[in-house]
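Taking my numbering, I'd label the letters of the sequence shown as residues 251 to 700. No residue lacks a Cβ here, since even glycine has one placed at the ideal position from N, Cα and C. To start, the structure under review is shown below, and the notes come after it.
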Amino acid sequence: MEKERILYGTDELLIMSTGLIDRESYQSLYHLYQPVIGVKALAMYQTLWSELKPGKMKSNYMSHSALCEMLDYSINELTDCLFRLEAIGLVRTYKTKDERLTQYVYQLRVPLAPHTFLNDGLLSSFLFYKVGEVRFKQLQGRFTIDPLPAGIIEVTKDFNEVFDVKGVNHMAFTQKNYEKPDRAKIEINYTFDMEIVKKLTNFPVGFFTKKLDETITKLAYVSQIDEETMAEMLKEYFVHEAYLPLSEQEKRDGCRQMVLQLKKKQTRHRKVKSDETVKAEIGDLHDVTVMEEAHPHQYVSTLRKTPQLSKSDEQLIIDLVDTLGLAPSVINALFYYCIEVKKQTRLSENYVMRIATSWKTAGYLNAKDALEQEATQDALIEKKQQKRENVQQRTTVGSRRKDKTELPKWLEDEAKEQRTYDQKRKQELEASVPDDAELVKLLNELKEKG
Numbered sequence: 251m252e253k254e255r256i257l258y259g260t261d262e263l264l265i266m267s268t269g270l271i272d273r274e275s276y277q278s279l280y281h282l283y284q285p286v287i288g289v290k291a292l293a294m295y296q297t298l299w300s301e302l303k304p305g306k307m308k309s310n311y312m313s314h315s316a317l318c319e320m321l322d323y324s325i326n327e328l329t330d331c332l333f334r335l336e337a338i339g340l341v342r343t344y345k346t347k348d349e350r351l352t353q354y355v356y357q358l359r360v361p362l363a364p365h366t367f368l369n370d371g372l373l374s375s376f377l378f379y380k381v382g383e384v385r386f387k388q389l390q391g392r393f394t395i396d397p398l399p400a401g402i403i404e405v406t407k408d409f410n411e412v413f414d415v416k417g418v419n420h421m422a423f424t425q426k427n428y429e430k431p432d433r434a435k436i437e438i439n440y441t442f443d444m445e446i447v448k449k450l451t452n453f454p455v456g457f458f459t460k461k462l463d464e465t466i467t468k469l470a471y472v473s474q475i476d477e478e479t480m481a482e483m484l485k486e487y488f489v490h491e492a493y494l495p496l497s498e499q500e501k502r503d504g505c506r507q508m509v510l511q512l513k514k515k516q517t518r519h520r521k522v523k524s525d526e527t528v529k530a531e532i533g534d535l536h537d538v539t540v541m542e543e544a545h546p547h548q549y550v551s552t553l554r555k556t557p558q559l560s561k562s563d564e565q566l567i568i569d570l571v572d573t574l575g576l577a578p579s580v581i582n583a584l585f586y587y588c589i590e591v592k593k594q595t596r597l598s599e600n601y602v603m604r605i606a607t608s609w610k611t612a613g614y615l616n617a618k619d620a621l622e623q624e625a626t627q628d629a630l631i632e633k634k635q636q637k638r639e640n641v642q643q644r645t646t647v648g649s650r651r652k653d654k655t656e657l658p659k660w661l662e663d664e665a666k667e668q669r670t671y672d673q674k675r676k677q678e679l680e681a682s683v684p685d686d687a688e689l690v691k692l693l694n695e696l697k698e699k700g
């Protein structure tokens with residue numbers, strides 16, 4: 251072991267991590283470690299964590315001078331903070347050196363749990379020395395859970411004991427008033443178990459919510475992902491974000507982005523499953539029964555005549571299922587309508603979403619209703635358009651006839667004379683233009699004069 255270590259600004263460093271910081275670790279870090287190591291060392295520890303690449307357990311190489319610039323520390327201050335973090339057990343340092351440069355690897359360690367820290371003789375003694383007896387007892391009390399008193403019973407009032415339900419108008423509680431309209435229902439045969447995902451990810455309590463569970467379940471259906479694969483993807487994508495106070499919308503958007511990135515980084519299991527889906531025959535694409543039974547992935551890729559679904563189409567399907575809440579059969583009918591009926595091979599997001607929103611408002615429940623209703627609407631629109639064109643054509647022809655019959659004779663005579671003059675003038679100009687023989691003769695004369 252080296253007795254003395256001197257850091258230089260040109261020395262490179264790489265940051266790695268062996269675990270993740272949860273809420274309990276943050277409590278221990280701020281209340282127990284900070285009084286011992288100081289605010290500057292804590293800031294350096296947090297900065298090292300922030301340099302880890304998203305979804306990865308290590309950072310890019312950087313110089314110590316760059317780290318000093320980020321923290322606004324001198325190289326001596328940086329060295330002192332690093333030694334404090336090493337001594338307390340939050341950082342382990344490894345070194346390699348060659349003729350050209352020296353490189354360090356800083357391995358970040360997760361803080362000890364509060365009860366472990368306070369039960370450590372050396373650490374608790376040094377904390378006592380730093381904060382004093384009063385504060386130390388406060389910290390002990392903060393991280394000590396007092397047992398509930400013996401013989402405790404629940405005395406919570408029931409709803410019917412407090413509120414008079416009988417006196418309220420019965421009509422306000424009828425099923426008709428509280429029942430959601432049929433167009434808001436989505437009949438999807440989900441076989442995805444979110445409880446398995448939660449156990450495999452082992453994220454902090456509060457990360458998963460009801461809406462997030464629904465989003466993940468829908469995404470799993472759209473992309474045909476099983477529970478184990480989904481758990482692996484969540485752990486990789488939210489490796490640090492799961493321990494941050496993200497809003498529900500941020501977590502849902504992150505899940506959607508995570509699934510879309512799956513096309514770039516497919517696992518072997520995913521590829522095999524995708525190949526099996528491509529090989530399956532789904533029958534006549536024009537048949538509404540096929541639209542009712544086929545998965546959107548399978549139907550749209552077959553309709554597109556491609557082995558796999560494009561990223562843009564997958565994005566559209568996710569929006570249609572998760573955002574608008576369309577049934578899979580209606581989604582299949584929507585793609586069929588846009589591609590086969592409207593002959594739109596390149597589907598823009600605005601075009602598809604505009605039609606999908608109108609279908610959502612109309613409350614289509616299955617492919618048959620959607621296509622029949624849209625065919626009727628298109629026929630009416632085409633009939634009105636044809637009628638409008640016929641009226642416009644009759645108006646234009648009638649106006650031309652009217653203009654021709656009402657043209658004065660003197661104006662026709664003047665126009666005839668003008669045309670005769672223009673023809674005569676054109677002939678005179680053409681006669682004055684020399685032909686090829688005359689042009690050669692003129693050129694020779696010019697040369698002789700020159």
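| Check | Outcome |
| --- | --- |
| With a 10 Å radius around its C-beta and 16 neighbouring C-beta atoms as the bar for buried, classify Arg506 as buried or exposed. | buried |
| May I have the straight-line CA-CA distance separating Glu482 from Val472, to the nearest angstrom? | 17 Å |
| How many Å lie between Ile475 and Met294 at the Cα? | 40 Å |
| Can you have a look at Val310 and say buried or exposed, based on whether 16 or more other CB atoms are within 10 angstroms of its CB? | Here the sequence assigns Asn to residue 310, which means Val is not the residue at that position. Per the 10 Å Cβ criterion, exposed. |
| Under 8 Å between the Cβ atoms of Leu332 and Leu321? | no |
| Ala620: which of Leu450, Pro578, Thr595, Ser598 sits nearest, CA to CA? | Pro578 |
| Going by beta carbon distance, what residues of the same chain come within less than 8 Å of Lys461, once the five residues before and after it are set aside? | Glu498, Arg502 |
| Where does Ser267 land, buried or exposed, given buried means 16+ other C-beta within 10 angstroms? | buried |
| Leaving out five residues on either side along the sequence, give the residues of the same chain with a beta carbon under 8 Å from the beta carbon of Val418. | Here the model assigns Val418 a pLDDT of 46, short of 50, so the residue's position is not dependable and the matter cannot be decided. |
| Name the one or two DSSP bridge partners that Tyr354 has. | Leu263, Lys345 |
| Determine the burial state of Tyr671: buried for a count of at least 16 other Cβ atoms within 10 Å of its Cβ, exposed for fewer. | exposed |
| Please name the residue in Leu510, Gln353, Ile265 whose C-alpha comes closest to that of Lys308. | Ile265 |
| So the alpha helix (DSSP H) His365 belongs to, where does it begin and stop? | 364 to 369 |
| Val571 to Val489, Cα distance in whole Å? | 27 Å |
| Measuring CA to CA, which of Gly613, Ser598, Val591 is closest to Ala625? | Val591 |
| DSSP state of Ser497, grouped into three classes? | coil |
| Considering only residues of the same chain and omitting the five flanking positions on each side of Gly305, which have a CB-CB separation below 7 Å? | Glu486, Tyr487, Val489 |
| Rounded to whole angstroms, what is the Cα-Cα separation between Thr260 and Leu335? | 21 Å |
| Drop a sphere of 10 angstroms on the beta-carbon of Ala617, count the other beta-carbons inside from all chains shown, and report buried for 16 or more, exposed for fewer. | buried |
| What three-state label does DSSP hand Glu598 in the structure shown? | Residue identity check: residue 598 is Ser in the sequence provided, not Glu. Ser598: coil per DSSP, three-state reduction. |
| In its own chain, which residues sit with a C-beta less than 7 Å from the C-beta of Pro454, not counting the 5 before and 5 after it? | Asp272, Arg273, Ala492, Tyr493 |
| Buried or exposed: which applies to Lys561, given that a residue is buried once 16 or more other Cβ atoms fall within 10 Å of its Cβ? | exposed |
| By the three-class DSSP mapping on this structure, what secondary structure does Met307 have? | coil |
| CB-CB under 6 Å to Ser374, same chain, minus the five flanking residues each way: which ones, in chain order? | Leu368 |
| By the 10 Å Cβ neighbour count, where 16 or more other Cβ atoms means buried, how is Val217 classified, buried or exposed? | Coverage of the chain is limited to positions 251 through 700, which leaves residue 217 absent and any answer about it impossible. |
| Could you check which residue in Thr459, Glu478, Tyr280, Thr346 has the C-alpha nearest to that of Leu362? | Tyr280 |
| With DSSP as the reference, please indicate the residues paired to Ser313 in a beta bridge. | Glu262 |
| Compute the Euclidean distance between the alpha carbons of Thr459 and Lys448, then round it to the nearest angstrom. | 11 Å |
| Note down the Cα distance separating Val538 from Met480, rounded to an integer number of angstroms. | 31 Å |
| Can you tell which of Arg638, Met541, Arg255 has its C-alpha closest to the C-alpha of Val580? | Met541 |
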